[in-house]
Amino acid sequence: MKNILKAVVLLLFTTATVSAHDGHKSKQDSTALQADTVVNEQSTGEEHTDHTRISEADSHDAHAQDAHHEKKVTADLADFPTIHPLIVHFAIVLLIVGAILAVVNIYFIKKELAWTAFALVLVGFIAAYLAGRNFHPHTHGLTEHAKLVLEQHDFWADWTINLGFIGVLLQGVNLFIFKSRRWAMAIVAVVLLSAAYAVAQAGHYGAQLVHIEGVGPEGKFLELEHGH
């Protein structure tokens, strides 16, 4: 009888031990399952966030591309913050070429070259005057260094206008009065070369303002209410 009771007690103890072990294991499995579920949810959430970010980036790029396509390939004059650069390039080219022709004509003494130089310098002077007076943009918010560069640009622009005007007058006098005499042509050539040097210096400081100081592109540092 005692042996039977011992066997029953041993069986009950074994059963309880196994049940407790299974219960503990089930609890661990459940905890691990919950942890895996949380990790999976976080991973899914991150993937959703990444997908959302990618979608937003793609949408932004698409809008940027649409805006780019909406811009006109050929801009109108009214689209420019100032048309000063469009005019002043005529002055640079024409005054320099006119001065070169005047120098060359000292040797050839051709009336045709003299008239061509006169026409080029005349148009170049008009372009320089318009660029420096009527279509010179007003600025604001410049750095101290940019102001110094602008002063040099304006200084040489004024000399370009003055020397260009004197060169046009002298070339006209040479054509109608001195009849293209070599000594008169030499004087005119010196004045026109001086004008060409002045416009080259003005162009140099103008390029420095735009490409180094950042004045002008997209209307930066320009007072657009003053017009073009």
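Just so you know, we're using the working numbering here: the sequence shown kicks off at 1 and counts up by one.
Built from N, CA and C at the ideal position, the CB exists for glycine as well.
Bear in mind the structure is a predicted one, so any value in this text is a computation, not a measurement.
Out of 165, 88, 207, state which residue places its alpha-carbon closest to the alpha-carbon of residue 132. For this step, residue 132 is matched to residue 132 along the sequence shown. Of the candidates 165, 88, 207, the one whose C-alpha sits nearest the C-alpha of residue 132 is 88.
For residue 54, which of helix, strand or coil comes out of DSSP? In the sequence shown, residue 54 corresponds to position 54, counting from 1. Summary for residue 54: the model assigns pLDDT 48, below 50, so the residue's position carries little reliability, and this model does not support an answer.
Is the beta carbon of residue 120 sitting closer than 7 Å to the one on residue 148? Your numbering for residue 120 matches position 120 in the sequence shown. Your numbering for residue 148 matches position 148 in the sequence shown. Contact: no.
Mapping DSSP to helix, strand and coil, what is residue 120? The count along the sequence shown starts at 1 and reaches residue 120 at position 120. Of the three classes helix, strand and coil, the one that applies to residue 120 here is helix, per DSSP.
Alpha-carbon spacing of residue 100 relative to residue 169, whole angstroms: In the sequence shown, residue 100 corresponds to position 100, counting from 1. In the sequence shown, residue 169 corresponds to position 169, counting from 1. Those two C-alpha atoms are separated by around 17 Å.
Closest by C-alpha distance to residue 156, when choosing among 165, 140, 199, 116: Numbered from its first residue, the sequence shown carries residue 156 at position 156. Nearest option by C-alpha distance: 199.
By Cβ distance below 6 Å, which residues in the same chain neighbour residue 216 in space, the five residues on each side in sequence not counted? Taking the first residue of the sequence shown as position 1, residue 216 is located at position 216. Excluding sequence neighbours, residue 216 sits near 210.
For the stretch 126 to 146 against the stretch 169 to 178, are there 3 or more C-beta pairs whose distance is under 8 Å? no
DSSP state of residue 148 mapped onto helix, strand, coil: Translated into positions along the sequence shown, residue 148 becomes position 148. Residue state, collapsed to three classes: helix.
DSSP puts residue 222 in a beta bridge; with which residues? Here residue 222 refers to the residue found at position 222 when the sequence shown is read from its first residue. DSSP output for residue 222 lists 139 as bridge partner(s).
Taking the alpha-carbon of residue 201 as reference, which of 78, 85, 92 has the nearest alpha-carbon? For the purposes of this step, residue 201 is taken as the residue at position 201 of the sequence shown. With distances taken between Cα atoms, residue 201 lies closest to 92.
Of the residues 221, 176, 192, which one's Cα is nearest the Cα of residue 165? Sequence index remark: in the sequence shown, residue 165 carries index 165 (1-based). The shortest Cα separation from residue 165 among 221, 176, 192 belongs to 192.
Within 10 Å of its beta-carbon, does residue 140 have 16 or more other beta-carbons around it, so buried, or fewer, so exposed? Here residue 140 corresponds to residue number 140 of the sequence shown, with the count starting at 1. Under this definition residue 140 is an exposed residue.
Among 74, 185, 79, 77, whose alpha-carbon lies nearest the alpha-carbon of residue 115? The sequence position of residue 115 within the sequence shown is 115, counting from 1. The shortest C-alpha separation from residue 115 is found at 185.
Endpoints, alpha helix (DSSP H) assigned at residue 182: Indexing the sequence shown from 1 puts residue 182 at position 182. Element bounds for residue 182: 182 to 211.
Taking the C-alpha atoms as reference points, what is the distance between residue 188 and residue 206? Translated into the one-based positions of the sequence shown, residue 188 becomes position 188. Translated into the one-based positions of the sequence shown, residue 206 becomes position 206. Spanning the two alpha carbons is a distance of roughly 27 Å.
According to DSSP, is residue 110 helix, strand or coil? Sequence index remark: in the sequence shown, residue 110 carries index 110 (1-based). Three-state result, residue 110: coil.
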